[in-house]
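Numbering (this note's numbering), first residue to last: 1 to 557.
Contents: one structure, followed by commentary.
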Amino acid sequence: MSNIIVKVPDLGGSENVEIIEISVAVGDSVDVEQDLIVLETDKATMEVPSSHAGVVTELLVKVGDTVSEGSDILALTSEASDAPVSEAAVEPVAEPEAVVEAPAAAPATPTTTPAAAPTASETIELTVPDLGGATDVDIIELSVEPGASVEAEDSLLVLETDKASMDVPAPQAGTLVEFKVAVGDKVNEGDVYAVLTTSNSETTPVAAPASESAPEPVAEKPASASQPASAPAPVKAEPVAAAQDAESKAVVEGKGVYAGPSSRRLARQLGVDLTKVKGSGARNRITKDDIRAYVKDLIQKAESGQVAVTSGSGIPAVPEIDFSQFGEIDMQPMSKIKKLTAANMSRAWLNVPHVTQFDEADISDLDAFRKDMKAEAERRGVKLTPMPFLIKAAAMALRAEPSFNVSLHADGEHMVQKHYVHIGMAVDTPNGLVVPVIRDADKKGIWELAEESNELAAKARAGKLKPVEMQGGCFTISSLGAIGGTGFTPIVNTPEVAIMGVSKAQIKPIWNGKEFEPRNMLPLAVSYDHRAINGADCGRFFTTLVAMISDIRRLVL
Ligand code: CAO
């Protein structure tokens, strides 16, 4: 049994490199070559493997620390008989192969890249720059589309060795005409990978191969922190697996994500689209554990029936259509609210099994009372519409029927029963639909509710609602009563489980047992989430609500 301090090996000249991830914890058993920490320079991430097998007894660094060759990483207790016993004897068994950093566009083949700032646009072939000796390096990402305008230093390709991923930046600004390579290809220094039409500008290439930065093999520039001294170990060529296409797709879909090479490799192996994985590492970097957790969660959801994985349940994509072929059109940008509403509606429509139930409330007495109150409303400076009565009635009905005042918990195992009653009110604004929330509506009187709904509607139309004023609703009322229509089926404002749609009241002949009587009837619809609410629950809730609106004396009970 020996105690070993594992140290940072040769970083190819890079110094003070930041630790962005610690992959082991005290008490973990680690094997030789197992990743211990992840380091990151401006352009590359690199994993530092363990030089020895053993049990971690102490971590000597933390995320955010900077390290150089020889810095202590952690202490191990090793049982191996040949394990070095002193710190000095500890030599890294595996130098990080990640020390290659994509050179800042210093091209390896000067003939293919202009040597000076262009004065007119020209079409040039871009070649893979000095890879610090690495050969047959995988292309894991094409970062722009052909036809795109790029700035000097914009990443065009991402290459990956066993231990590092590296960006290949554009040597100068221009338009990317085409790629000569595809994801999955292997490239070497000097290979032509794209064609670029340079901008007709004075843009200076990032690293014009002039005297001060002539392209040199990385190994010959030991002093530069960004161009490490040592040539990296040869990159292991990965076998071209049968699943290459699927893997490549996952990588292409992982464009723009922040993940190290081993995480990307794991994602490719599992077919995980990295754009869907939330990173928990420093600066939201996606770690291997994040990918494992994502896959575990998907499996659990699939097994519990929350995610359909069998065929037949996919939603066919809506084809993109060029409408200009049918007549004149123009493109209008969607407001932020409209985009949010679109996303929320799709989410609710696709997730919530909706049922809509209809009824009519006799608001003849409510309307007569409202008119009687008109003078007082004017004195108070409040507009007294049916809305505050509907809010109050909905709040009281939620109290009477708590099965409506719930949300489904994300774990699929629980319902969240709410003991507060906050009512949302859909407001049509020039920018789109918003839903301010009236808090504790069950505890407020009609005047208070009228004032608050007037104020919130005015604020909504002026675009002055604060986010907190649109949160926490238990149930929403969407009224098209002032506009018209005899009925509509509103979409549940998830995570709420029910919503009421109000249409325009009209006088109808109602049979009173002896004769038809003209009564002012208000058409109402309640849509509910059938996962949370049963038809009988809705029947009770709706009957209570309609009774309260039809006889507003009940609202004070
Ligand atoms: N039937 C008949 N008349 C009605 C009515 C109804 N159901 N509801 C309201 N009215 C009357 C009001 O009484 C008022 O007339 P008076 O001034 O004579 O009293 C008039 O219509 C205008 O009312 P209003 O619209 O100004 O006020 P409101 O309190 O009824 O509604 C608000 C406020 C914010 C809900 C409404 O302005 C609004 O934005 N509605 C649109 C909501 C929407 O777009 N929903 C669809 C979402 S998709 O699910």
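Glycine is no exception: its CB is placed at the ideal position from the N, C-alpha and C atoms.
If you count every other CB in all the chains shown that lies within 10 Å of the CB of residue i, and 16 or more means buried, which is it?
| i | result |
| --- | --- |
| V318 | exposed |
| P261 | buried |
| P159 | A quick correction: the sequence has Leu, not Pro, at residue 159. The residue is buried, with at least 16 neighbouring Cβ atoms inside 10 Å. |
| G513 | exposed |
| I507 | exposed |
| K278 | exposed |
| L11 | buried |
| N405 | buried |
| G54 | buried |
| A104 | For A104, the predicted structure reports a pLDDT of 35, less than 50, and the residue's modelled location is therefore unreliable. A value from the coordinates is still provided. Classification of A104: buried, given that the 10 Å Cβ count is 16 or more. |
| T544 | buried |
| Y420 | exposed |
| V416 | exposed |
| L557 | exposed |
| I329 | exposed |
| S324 | exposed |
| A148 | exposed |
| D362 | buried |
| R379 | exposed |
| P171 | buried |
| E145 | exposed |
| L76 | buried |
| K236 | Reliability fails at K236, whose pLDDT of 32 lies under 50, so the model's placement of it is uncertain and no value is given. |
| R265 | buried |
| R554 | exposed |
| P386 | buried |
| F541 | buried |
| L350 | exposed |
| S478 | buried |
| G414 | Position check: residue 414 holds His in this sequence, whereas Gly was assumed. H414 comes out exposed. |
Going by DSSP, what residue range makes up the alpha helix (DSSP H) through residue i?
| i | result |
| --- | --- |
| R461 | 446-461 |
| V475 | The question names Val, yet the displayed sequence has Phe at residue 475. No alpha helix (DSSP H) contains F475, which is instead part of the beta strand (DSSP E) from 475-479. |
| N351 | 336-351 |
| M425 | Taken as a continuous stretch (DSSP letters only), M425 belongs to no alpha helix (DSSP H), being part of the beta strand (DSSP E) at 423-425. |
| A267 | 261-270 |
| E40 | No alpha helix (DSSP H) holds E40; the beta strand (DSSP E) holding it covers 35-40. |
| I299 | 288-303 |
| I549 | 535-550 |
Verify the contact flag: residue i, CB atom, against every heavy atom of the ligand CAO, threshold strictly below 6 Å.
| i | result |
| --- | --- |
| D589 | The structure shown does not extend to residue 589, since the chain is modelled only from 1 to 557, so the question has no answer here. |
| V502 | yes |
| A482 | yes |
| D529 | no |
| P129 | no |
| A505 | yes |
| M521 | no |
| A441 | no |
| A457 | yes |
| V427 | yes |
| S155 | no |
| M387 | yes |
| S478 | yes |
| P430 | no |
| P518 | no |
| P436 | no |
| P490 | yes |
Taking the beta strand (DSSP E) that residue i belongs to, which residues open and close that run?
| i | result |
| --- | --- |
| P169 | 164-169 |
| L76 | 72-78 |
| E125 | 123-127 |
| G501 | 498-502 |
| N3 | 2-7 |
| S407 | 406-408 |
| M46 | 44-49 |
| A194 | 192-198 |
| G54 | 54-59 |
| S155 | 155-160 |
| M470 | It is not in any beta strand (DSSP E) - M470 carries neither H nor E in the DSSP assignment. |
| F179 | 174-179 |
Assuming residue i contacts residue j under a Cβ cut-off of 8 Å, what Cβ separation, rounded to an integer in Å, is found between them?
| i | j | result |
| --- | --- | --- |
| V8 | S68 | 7 Å |
| D359 | V492 | The Cβ separation is near 17 Å, so there is no contact. |
| D31 | E47 | So it is not a contact: roughly 14 Å between Cβ atoms. |
| P129 | V177 | 19 Å between Cβ atoms; not a contact. |
| R580 | V427 | Beyond the ends of the chain as shown, which are 1 and 557, falls residue 580; an answer cannot be given. |
| S364 | R519 | 5 Å |
| S78 | H52 | 5 Å |
| I124 | L196 | 6 Å |
| A525 | P490 | 7 Å |
Worksheet item: In the region 351-395, which residue ranges form an unbroken beta strand (DSSP E) of at least 3 residues, counting only runs that do not cross its ends?
Response: Runs found: 354-362.
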